[in-house]
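Numbering follows the working numbering, with no gaps: position 13 of the sequence shown is 17. The beta carbon of each residue, even a glycine, is placed where N, CA and C say it ideally should be.
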Amino acid sequence: MNMTEQVGAIAKEKSFTVVGTFLLLFGGVMLAPLFPNQFIAGPIVNALLFIVTVMLGLRAGVLMCFIPSLMALLGGLLPAVLAPFVPFIMFGNIVMVALFHWLRGRNFWLASGAGGVAKFIFLFITSQLFFKWFLSGSLAQGLALMLSWNQLYSALMGAIIAYVFLKTIKRI
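#1: Taking Cβ to Cβ, would you say phenylalanine 54 is nearer than 8 angstroms to alanine 163?
#2: What would DSSP say about alanine 13, mapped onto helix, strand or coil?
#3: Tell whether a beta-carbon distance below 8 angstroms holds between glycine 81 and alanine 51.
#4: Would you mind stating whether glutamine 132 and alanine 148 have Cβ atoms separated by less than 8 angstroms?
#5: Please list the terminal residues of the continuous alpha helix (DSSP H) segment that includes proline 72.
#6: Alpha helix (DSSP H) containing proline 91: first to last residue?
#7: Just the C-alpha distance for tryptophan 113 and phenylalanine 135, rounded to the nearest angstrom, thanks.
#8: Among Val49, Leu62 and Pro40, whose alpha-carbon lies nearest the alpha-carbon of glycine 31?
#9: Determine the burial state of valine 56: buried for a count of at least 16 other Cβ atoms within 10 Å of its Cβ, exposed for fewer.
#10: Whole angstroms are fine: how far does the CA of serine 116 sit from the CA of leucine 86?
#11: By how many angstroms is the C-alpha of arginine 175 removed from the C-alpha of glycine 61?
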């Protein structure tokens, strides 16, 4: 086999690995929101967002941020009243993934913690304002709670899951 054929074979193998990894993680991101409990599905989704970002880069991580909220809405995990808020959830995930990506070179825990806290702050503020304007009473407070502290828990638990997985496969 000459040098050109060797380079072509290596590139083909690398492409197959990237595509396979992407499809596997994509499947996980699509299925995780179908779990009926936010305290299970949330950490799984966040872990997969961190893992995708580490393994495939920022673009793939951002792309994956659009899927879980739509699947959670379609699967009934998110109440229908939250449908107008889905773009804010997606953007919160993008904030988390982007900050994680930019800080990951310094420290995994700093990066995932900062990303999770930034997502929490963004969703806390936007949910308070959004639901105060469009809903009232205990429903508004309950939905705002669902989109604030639960998101911080999910992000931080997802970081722990991602760390264990990535450490096991020697990617960090």
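Taking the structure as given:
#1: yes
#2: At alanine 13 the pLDDT is 49, less than 50, meaning the model places this residue with poor confidence; the figure from the coordinates comes in the next sentence. If DSSP states are grouped into helix, strand and coil, alanine 13 belongs with the helices.
#3: It is leucine, not glycine, that sits at residue 81 in the sequence shown. Result no, Cβ atoms of leucine 81 and alanine 51 do not sit closer than 8 angstroms.
#4: yes
#5: 71-79
#6: 90-107
#7: 32 angstroms
#8: Val49
#9: buried
#10: 26 angstroms
#11: 13 angstroms
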